[in-house]
Structure formats: structure tokens, C-alpha cells
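What follows is a short report on a single structure.
2 protein chains.
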Amino acid sequence: MEYFPPALETLIEHFAKLPGIGGKTAQRLAFHVLTLPDADADAFADAIRGARQATALCSVCRNLTDGDLCAICRSDRRDPSVICVVADPRDVAAMERTREFSGRYHVLHGVLSPLRGVGPDDLEIKSLLERVAQGGVTEVIMATNPDTEGEATALYLSRLLRPFDVKITRLAYGIPVGSHLEFADDATLLRALEGRQEM
Amino acid sequence: MEYFPPALETLIEHFAKLPGIGGKTAQRLAFHVLTLPDADADAFADAIRGARQATALCSVCRNLTDGDLCAICRSDRRDPSVICVVADPRDVAAMERTREFSGRYHVLHGVLSPLRGVGPDDLEIKSLLERVAQGGVTEVIMATNPDTEGEATALYLSRLLRPFDVKITRLAYGIPVGSHLEFADDATLLRALEGRQEM
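First to last, the sequence lines map onto chains E and Z. Counting from 741, one number per residue, gives the positions in the first sequence under the numbering used here. Counting from 741, one number per residue, gives the positions in the second sequence under the numbering used here.
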């Protein structure tokens with residue numbers, strides 16, 4: 741038996757299909773939408789369509805953009821000779837929050853994952869090689885996640901890039917700032933020890 | 741600086757306004773929407789508008805409905821002489837899942853809360869009294885939440901209903917089925933002891 745009107749059940753189902761949203765949360769969200777002012781609800785519905793229609797991939801770095809080039813590739817204050825390779829557009833946002841990186845990006849849109857059937861052709865690897873082959877690139881920083889798949893992807897890319905005359909680097913591993921040594925896992929602590937720097 | 745295209749930022753903001761959805765989750769949800777097939781995204785946007793337009797309150801019990809009467813008030817298999825008073829339409833769904841209650845409901849749409857400025861006139865109390873005053877009701881079951889505000893609301897209603905010739909009952913308190921005694925809080929355990937039943 742349905743406990744809610746069909747239109748409400750439909751909205752609950754749509755919310756429940758979103759990642760990490762369970763049945764109870766989907767109900768709470770749908771009920772909240774019912775209580776929104778009309779203008780807000782319409783704007784929400786429009787935003788769903790609008791975000792998809794207005795969002796494309798940068799023709800150079802494959803980051804999200806609303807034009808042909810993304811804001812970073814458009815900017816002449818960003819150094820085109822350093823490319824930071826990330827798995828996801830959200831990682832670009834994370835790197836940008838450091839306000840320290842002045843190079844450009846390349847977004848792979850995933851990592852290699854034999855288990856999930858993701859191979860090199862499913863990622864933006866060809867476009868990265870083409871960028872590097874065009875010349876003018878001096879360093880490629882691997883900034884994939886520090887997990888097995890991210891590691892394997894970085895390693896795979898570093899081999900592909902070896903024929904080119906570029907420096908290939910990897911983000912440093914170590915203990916997170918503000919954390920406690922006693923809570924660090926063994927692998928992280930080992931990496932932190934191996935990567936120790938002179939003070 | 742904006743890290744994402746404006747249309748995507750807009751969608752993220754809409755998700756972030758939903759209850760219990762933080763910034764990171766809103767990003768994840770918005771990115772998921774970008775990956776949806778067109779038809780699914782359009783259906784989601786339509787569902788937001790549709791749920792609001794097609795959903796009204798039952799003219800009798802104030803439960804959500806897509807017509808004048810809700811499915812429960814429409815059904816002649818539901819006993820109109822027993823009214824279960826709940827705070828929220830979601831509580832109707834919870835009660836219905838027991839498949840044991842064959843009476844009807846009354847949805848208050850909130851509980852009395854002096855701190856949040858919710859008084860008797862903000863709830864569906866007048867409509868409840870009118871229903872009972874019309875006669876034919878033999879029992880009113882208070883099924884508000886077992887917290888301070890839910891308790892106070894049930895107590896307030898029971899006083900208002902005292903002049904009518906109806907039995908007023910309250911859902912039983914006790915230890916939740918499947919839980920462990922050692923994890924029960926003192927108040928619950930005390931209520932369970934007070935409400936003990938002969939075996």
C-alpha cells in the first residue's frame with residue numbers, strides 16, 4: 741500500500757536514487773520540498789535542468805565549464821607548463837582551495853579500475869598525452885587519490901609520460917595536518933617517515 | 741573564486757539548502773545529477789513541481805492526499821470511531837506499516853512548542869475537536885512522539901477532549917523490540933517497569 745500521494749512517492753523515489761540517500765532521508769527531503777515557497781521549488785527544478793544544459797567539459801583540461809575553455813585554462817595568470825592530474829572535477833576545487841597551485845589541471849574523470857571495468861580508454865588519458873606531446877609542459881603532478889586505484893592510475897600514467905621530457909611528481913604522503921600521531925594508520929606513518937624532511 | 745560553472749554552483753546551493761545536507765554532500769548530489777540520463781533528470785525536475793502541485797491536505801484528517809479525501813478517509817474498511825492523532829504525515833506511514841491499526845488518523849502538522857513559537861492555533865487542533873464534536877468517535881489514541889513536546893501536546897489535547905464522551909489513550913512506552921536492556925535509558929526502563937503486563 742502507498743502511504744503518500746503518488747506524486748509525493750515519485751519525488752521520494754527520485755531523491756532515494758541519489759548516492760548516499762536512503763529511504764528515510766529521501767522522505768525528509770521530499771517533505772521539505774513540499775514546504776518550500778513556490779519560487780524556491782521552481783528554481784530548484786530549473787537548476788536541475790540548467791546545470792546539465794549549461795555544463796560542458798573544457799576542451800583542453802576536461803574540467804567542468806560553461807563555455808569552451810574552463811576559467812583556469814582561460815586565465816593567462818596560470819602557468820601552462822605545470823599540469824596537475826586529478827581524477828574528478830571536485831579534486832580541482834580541493835586543490836584550488838589551497839590557493840598555492842598556479843599551474844593548470846587535467847581531469848581524468850575516474851581512475852583505472854579493472855574490477856569495475858574502467859580501462860585507459862574510459863579516462864581522459866589520450867587528451868593528456870596529446871597536451872604533453874604538444875610541448876611546453878615541464879612538470880606533471882599526479883594528484884590522484886592515495887588509494888590502490890589512484891596509485892595504480894598514477895603509476896600507469898607516469899610510465900606513459902616517461903618518453904616525454906617532463907618531470908613527473910606525486911603529491912606527498914604523510915600525517916594530515918592537525919591530526920594525532922596515535923591515530924595515524926601504519927601505512928601513512930611509514931610514508932611520513934620515509935618522506936621526512938630536514939628542518 | 742568559483743570553482744564550478746555558475747549553473748552547477750546554483751544546483752549545489754539548492755541541494756545544500758535541504759535539511760541535513762551539508763556542502764560536500766550537496767556537491768556529490770549535484771555531480772550525480774550531471775551524470776543522469778536526460779530523461780531521469782527531467783523527471784526529477786518535474787517531480788519537484790508535480791509533488792507540490794498534486795499534493796493537498798485531506799479535508800477530514802489533514803493527511804497528505806491528491807484529492808479531497810485521503811486514501812484512508814475514503815476507505816470504508818477503516819473504522820471512523822477510532823482516531824489516531826499524529827504530529828506528521830510520516831507518522832501515518834509509520835503506523836500503517838504495523839498493518840494493525842484499522843481506525844483513522846488526525847495529523848496535527850507539528851507539536852506545541854513555546855520555544856519555537858508554535859501554539860495551538862498553528863496546529864490542526866480545531867479540526868480535531870470538530871471531528872470529535874460531530875459524534876461517532878469512541879476513542880482517540882495519542883501517538884505523538886515520546887519527547888517533551890509530544891508529551892505536552894498529548895496532555896493538552898487530552899484535556900480539551902475530556903468534555904467529550906470519548907476514551908483517550910496513549911501509545912505504550914517500553915523497551916524497543918529487539919534492543920538490549922543494558923542500552924535502554926533510565927526513563928524508558930522506568931516506563932517499561934511501570935507498564936509491565938501479566939504474561
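Beta carbons: idealized from backbone N, C-alpha and C, even for Gly. Only a predicted model underlies this, so the values are computations on that prediction, with no experimental measurement involved.
Identified DSSP bridge partners for residue i
i	result
Z:Lys764	Beta-bridge pairing links Z:Lys764 to no other residue.
E:Ala845	The question names Ala, but residue 845 of chain E in the sequence shown is Tyr. E:Tyr845 pairs with E:Cys824.
E:Thr909	E:Ile881
Z:Val858	Z:Ser853
Local Cβ density within 10 Å of residue i, reported as buried at 16 or more and exposed below that
i	result
E:Val917	exposed
E:His846	buried
Z:Arg838	Checking the displayed sequence, the identity of residue 838 of chain Z turns out to be Thr instead of Arg. Classification of Z:Thr838: exposed, given that the 10 Å Cβ count is below 16.
E:Pro759	exposed
Z:Glu864	buried
E:Pro829	buried
E:Met741	Here E:Met741 scores only 45 on pLDDT, less than 50, and its place in the model should not be relied on; the value that follows carries that caveat. That one is exposed.
Z:Gln767	buried
Z:Leu852	buried
E:Phe771	buried
E:Thr893	buried
E:Ala775	Inspection of the sequence shows that residue 775 of chain E is occupied by Thr rather than by Ala. By the neighbour-count rule (16 or more Cβ atoms within 10 Å), E:Thr775 is not buried but exposed.
Z:Gly875	exposed
E:Leu930	exposed
Z:Leu933	exposed
E:Asp831	buried
E:Arg871	buried
E:Phe923	exposed
Nearest-angstrom Cβ-Cβ length linking residue i and residue j, presumed shorter than 8 Å
i	j	result
E:Ala787	Z:His754	5 Å
Z:Thr884	Z:Val906	Rounded, the Cβ-Cβ distance is 17 Å, inconsistent with contact.
Z:Ala794	E:Pro777	About 18 Å separates the two Cβ atoms, so there is no contact after all.
E:Cys824	E:Ile881	5 Å
E:Ser867	E:Arg910	The Cβ separation is near 21 Å, so there is no contact.
Where residue i meets chain A, residues with beta-carbon distance less than 9 Å
i	result
Z:Ile881	The structure shown contains no chain A; the protein chains it does contain are E and Z.
| field | Runs of beta strand (DSSP E) wholly within the segment 861 to 898 of chain Z (minimum 3 residues, chain order) | value | List check, beta strand (DSSP E) in window: 879 to 882.
| query | Using Cβ-Cβ distances below 7 Å, what residues of the segment 803 to 819 of chain E are close to chain Z? | reply | Taking 7 Å as the Cβ-Cβ cut-off against chain Z, the residues of the segment 803 to 819 of chain E that qualify are Leu804, Thr805, Asp806.
| query | Got a sec: which bits of the segment 831 to 852 of chain E sit with their beta carbon under 7 Å from any beta carbon on chain Z, in order along the chain? | reply | Answer in chain order: Val832, Ala833, Glu836.
| Which residues, taken in chain order from the segment 782 to 800 of chain Z, show a beta carbon closer than 9 Å to some beta carbon of chain E? | Contact annotation: in the segment 782 to 800 of chain Z, residues whose CB is within less than 9 Å of a CB in chain E are Asp782, Ala783, Phe784, Ala785, Asp786, Ala787, Ile788, Arg789, Gly790, Ala791, Arg792, Gln793, Ala794, Thr795, Ala796.
| Length at least 4, wholly inside the segment 765 to 836 of chain E: the alpha helix (DSSP H) runs in chain order | Runs found: 778 to 794, 811 to 814.
| message | By the 8 Å beta-carbon criterion, what residues does the segment 869 to 895 of chain E contribute toward chain Z? | response | Near chain Z, meaning a CB-to-CB distance below 8 Å, no residue of the segment 869 to 895 of chain E qualifies.
| request: Quick one: which residues of the segment 760 to 777 of chain Z get their C-beta closer than 8 Å to a C-beta of chain E? List them in chain order. | output: Per Cβ criterion, the list reads Gly760, Ile761, Thr765, Gln767, Arg768, Leu769, Ala770, Phe771, His772, Val773, Leu774, Leu776.
| field | chain E contacts made by the segment 742 to 755 of chain Z, where a contact means CB separation under 7 Å | value | Cβ contacts with chain E: Tyr743, Phe744, Pro745, Pro746, Ala747, Leu748, Thr750, Leu751, His754.
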